[in-house]
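A short write-up of the structure that comes next.
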DNA sequence: TATATCTATATGCAGCGTGCAGATAGGAAA
DNA sequence: TTTCCTATCTGCACGCTGCATATAGATATA
């Protein structure tokens, strides 16, 4: 999930498979301004929510999915320049989802804090397992 | 990825597909004491890392995977009572992985804090999108 | 004119991880 | 004998992701 290495050799430390917060980040961006997919991808890549660059195909699929779920609505924009683009905006349901994400991530924050507290605790004391 | 509800009706608020922190939690538990799978599952279900009860099959598969990756080692324990059970313990690599998880989750903590700060900010001001 | 590049969106495919259901098996209680 | 608890594992289907690729308008370059 981080993309630093492509073919991990046996014995190499595996990457931490933490998912990206793409969906809540999209909701957050669209709560401020409506935007099209390409624009969102650029903004997402500038934000700290993602470790590396996002796969564009994945983002477009997330957008379609979110629209199917009723969180977003879209309409085609045939501008004067460039190809047509899908303008996404948040729905009321999407705004609710953003609120729910905030609560979920607040809870996750506490979970991680608990984890890190326990981690630091066992790091101070001696380890019980006999690995060598 | 969500699994909390079976057939979400259209229009229902979708669940937040945040993955569980099962793997780092296992590393944390095994850094303190070696244990077998069933025991770990019970402990994990008591911890705050998981929202609901974990699927036992999933946990056993995670354990096998982590052993294949070299993070854990195991041996069969033929005790006097009950069926034989696999005793898992942390390897040196597993301990490194735990450290890496701590760093990853520390970074994730900051990401979530950034998200929540932005969220509260837009909640205070007027929304720019014209949904409703 | 032909080619390459940037913008913009989308599909096909393989692979991984999960959850649910169920199999297996020892041992204890009814 | 049946049931239940402990303990581990497999099969299957589904969903999500990343990579490669297709499409297409528009603009720059040779």
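Residue numbers (our numbering), protein chains in the order written: chain H, 15 to 146; chain D, 15 to 146.
All C-beta atoms in this analysis are idealised placements derived from N, C-alpha and C, irrespective of residue type, glycine included.
Chain D contact for residue 62 of chain H (CB, 8 Å cutoff): True, the Cβ-Cβ gap to chain D drops below 8 Å.
What is the DSSP secondary structure of residue 114 of chain D, reduced to helix, strand or coil? Three-state DSSP puts residue 114 of chain D in a helix.
Residue 58 of chain H: contacting residues in chain D (beta-carbon distance under 9 Å): In chain order: nothing, as chain D lies at least about 12 Å away.
Cα-Cα separation between residue 73 of chain D and residue 136 of chain D, rounded to whole angstroms: Taking the straight line from one Cα to the other gives about 39 Å.
In the DSSP assignment, what are the bridge partners of residue 124 of chain H? Residue pairing of residue 124 of chain H in beta bridges, as defined by DSSP: absent, with no partner found.
The region 44-55 of chain D touching the region 111-130 of chain H, judged by at least three CB pairs closer than 8 Å: Output reads no: the region 111-130 of chain H does not touch the region 44-55 of chain D.
Taking beta-carbon pairs under 8 Å, can you tell me which members of the region 39-58 of chain D lie near chain H? Cβ contacts with chain H come from 39, 42, 44, 45, 46, 47 and 48.
Check for me: the beta strand (DSSP E) holding residue 98 of chain D runs from which residue to which? In the DSSP annotation of this structure, residue 98 of chain D is not part of any beta strand (DSSP E), being labelled neither H nor E.
Limits of the beta strand (DSSP E) - the one that residue 77 of chain H falls within: Bounds of any beta strand (DSSP E) do not take in residue 77 of chain H; it lies within the alpha helix (DSSP H) bounded by 70-82.
Cβ-Cβ separation, residue 120 of chain D to residue 130 of chain H (assumed contact under 8 Å), whole Å: That pair is a contact at about 6 Å.
Out of D:126, D:101, D:86 and D:98, point me to the one whose CA is closest to residue 107 of chain D's CA. For the options D:126, D:101, D:86 and D:98, the alpha carbon positioned closest to that of residue 107 of chain D is the one of D:86.
Output yes if chain H places a C-beta closer than 8 Å to the C-beta of residue 74 of chain D; else output no. For residue 74 of chain D, the answer is no, since every Cβ of chain H falls outside 8 Å of its Cβ.
Measure the beta-carbon distance from residue 126 of chain D to residue 122 of chain H and round it to whole angstroms, keeping in mind my assumption that it falls under 8 Å. With a Cβ gap of about 6 Å, residue 126 of chain D and residue 122 of chain H count as contacting.
Using a Cβ-Cβ cut-off of less than 7 Å, give me the residues of the region 79-104 of chain D that come near chain H, in sequence order. Taking 7 Å as the cut-off between beta carbons, the residues of the region 79-104 of chain D near chain H are 83, 84, 103 and 104, in sequence order.
Can a CB atom of chain H be found closer than 8 Å to the CB of residue 128 of chain D? It does: the Cβ of residue 128 of chain D has a partner Cβ on chain H nearer than 8 Å.
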